[in-house]
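So the structure is just underneath, and the comments pick up after that.
In the working numbering, the protein residues as written are 1209 to 1756.
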């Protein structure tokens, strides 16, 4: 195994090139490329002793070559926004006229909705009364009492304008398909499935505290999960296995997308439904419409409910697809089973499956909070980014926070002077190289996806953390375990000569996270993790550690 250490030689001594005559030509070692770094920072190529002094402009322009980081390729992007609601506002004379006509009907529907919710809540509280062993299957008499709540759920759907619901296909018997997965478009989906299947669902822990909803999903013997906690996700998978394997429990329902979409595409599937390896029945929901998009996208819940109440009728179609069984002749991975299921769902809906994930929803929310003109520009298809760079969604949100502070324009692009201002860098050769590293299209502007992928590419280099340690050690010359502003400035001068005291102080303030006037190792490494592109400032320090 190769030694991923910045202090290890690039080539072992027994592989050093040597000259060979014609007799031993076929036994000569393969030719190597040796990169040498001179004291003046000029890089040269040595190939079997030839071409000494040849300048490699490609490497010289790469400020991260000392980490072994090559220039990166941008992952492919799609212009599809799977979360956008096409009718977020009431528009057109017809819609306004319909709202006016339906207002009396809306009042009746509201009363019906309130009565159904109250009856269902009371029935559910009665069914849960005195039930201590929630980890075991619900006793049958309590399940029968939940039929009252299920009929209340159907009444709620009626009050929302779903007087009839078109179905195609039938649910497979529970013993054949103990797990059901569905695309997720609206809050109407789980209400329908509660009425139709009364399944056990997997839901966020935050739902437990919601009025009415928390009580009802507890009766469904919900499996709670915190999507940001590996321990919680592992526990949820074990619970899915346990409940799917026991016929006394209801079937398990999951929305593998992990969030709602607009129904015009599906996004990447999380693997929780597929890791247990049970047969799965995919179900798809559609909401055909002309004037009112019922998807829960960039529209508030209150507005969505109001629009539903003020429609003559809302259309909903549910289609049960054939059961997908894991291959018996070979152990099928959860990834492959998820891919087959995703393909079946996308084909039935006649849509594409993108690499977006819940992480994109977080990015979208962050962009909306920042009042960006077009928040969709900040979608990056996080499932692909996570897979390639092992970058979490929360880390991506932190990078977006940095990018938004760079004052992106209406097209979501940042120019070099805004980029340098946030990173506290003055215009210099190195600064231009840093910007040019992520400006892969050489347009003079960068997008958030370029900034995110470029930062993640550096952050996830095997030598990144060790380079941070070496840089801190080099800056902390006397080993006191913290860096003062003068020492910090002396180190920066090696990479950007001519820095003023104010420029040094600006960078020092950026690194001094706790603002105590001295930079600890936690401050130093924490800042470089937030701004990994700044590691290029310390390449001379790192190289001096290697070659003192």
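Backbone N, C-alpha and C fix where the C-beta goes; we use that ideal spot for every residue, glycine too.
Boundaries around residue 1528 are those of the beta strand (DSSP E), 1525-1528, since no alpha helix (DSSP H) includes it.
Bridge partners of residue 1490 according to DSSP: 1389. Every alpha helix (DSSP H) of 4 residues or more that sits fully in the region 1403-1472 is shown, in chain order, as 1421-1427 and 1438-1452. If only complete runs of 3 or more residues are kept, the region 1507-1569 shows the beta strand (DSSP E) at 1525-1528, in order along the chain. DSSP places residue 1653 in the uninterrupted beta strand (DSSP E) bounded by 1653-1655. Shown here, residue 1727 sits in a strand according to DSSP, grouped into three states.
Relative to the Cα of residue 1675, the nearest Cα in the group 1743, 1288 and 1448 belongs to 1743. Counting along the chain, the unbroken beta strand (DSSP E) around residue 1375 starts and ends at 1374-1376.
Counting along the chain, the unbroken beta strand (DSSP E) around residue 1621 starts and ends at 1621-1623. Along the length of the region 1694-1746, whole alpha helix (DSSP H) runs at least 4 residues long occupy 1709-1719 and 1729-1738, reported in chain order. Cβ contact annotation for residue 1632 (same chain, cutoff 6 Å, sequence separation greater than five): 1714, 1715 and 1718, in chain order.
Excluding its 5 nearest sequence neighbours in each direction, residue 1680 has C-beta neighbours in its own chain below 6 Å: 1729 and 1732, listed in chain order. Annotated three-state conformation of residue 1586 is helix, per DSSP. Between the alpha carbons of residue 1491 and residue 1615 lies a distance of about 43 Å. A Cβ-Cβ contact shorter than 8 Å links residue 1415 with residue 1425. In this structure, DSSP gives residue 1691 an extended state, which the three-state scheme calls strand. In the three-state DSSP reduction, residue 1384 falls in the coil class, being neither helix nor strand.
The beta carbon of residue 1276 sits closer than 8 Å to those of 1669, 1670 and 1671, all from its chain and outside the five residues before and after it, given in chain order. In the three-state reduction of the DSSP assignment, residue 1474 falls in the strand class, which pools E and B.
A straight-line Cα-Cα distance of about 8 Å links residue 1272 and residue 1666.
Between the alpha carbons of residue 1673 and residue 1737 lies a gap of roughly 9 Å.
For residue 1320, the secondary structure class from DSSP, reduced to helix, strand or coil, is helix.
About 7 Å separates the Cβ atoms of residue 1466 and residue 1565, confirming a contact at the 8 Å cut-off. One alpha carbon belongs to residue 1700, the other to residue 1712, and they sit about 8 Å apart. Secondary structure in the region 1642-1676: the alpha helix (DSSP H) runs of 4 residues or longer, each lying completely within the stretch, are 1656-1667 in chain order. Under the three-state reduction of DSSP, residue 1504 is assigned to coil, being neither helix nor strand. For residue 1349, the three-state secondary structure derived from DSSP is helix. In this chain, residue 1600 is not harboured by any alpha helix (DSSP H), its DSSP state being neither H nor E.
Under a 10 Å Cβ-count criterion, residue 1384 is classified as exposed, with fewer than 16 other Cβ atoms of the shown protein chains found around its own Cβ. When the beta-carbon positions are compared, residue 1462 and residue 1526 stay at least 8 Å from each other. Straight-line measurement puts the Cα of residue 1503 at about 10 Å from the Cα of residue 1497. Ranking 1515, 1356 and 1468 by CA distance to the CA of residue 1289 puts 1468 first. Straight across, the Cα-Cα distance linking residue 1683 with residue 1749 is about 7 Å. The count of Cβ pairs closer than 8 Å, one atom from the region 1513-1527 and one from the region 1310-1326, reaches three, so the stretches are in contact. Using a Cβ distance threshold of 8 Å, residue 1585 and residue 1571 do not count as a contacting pair. When C-beta atoms of the region 1538-1550 are compared with those of the region 1337-1349, fewer than three pairs fall below 8 Å, so the two segments do not count as touching.
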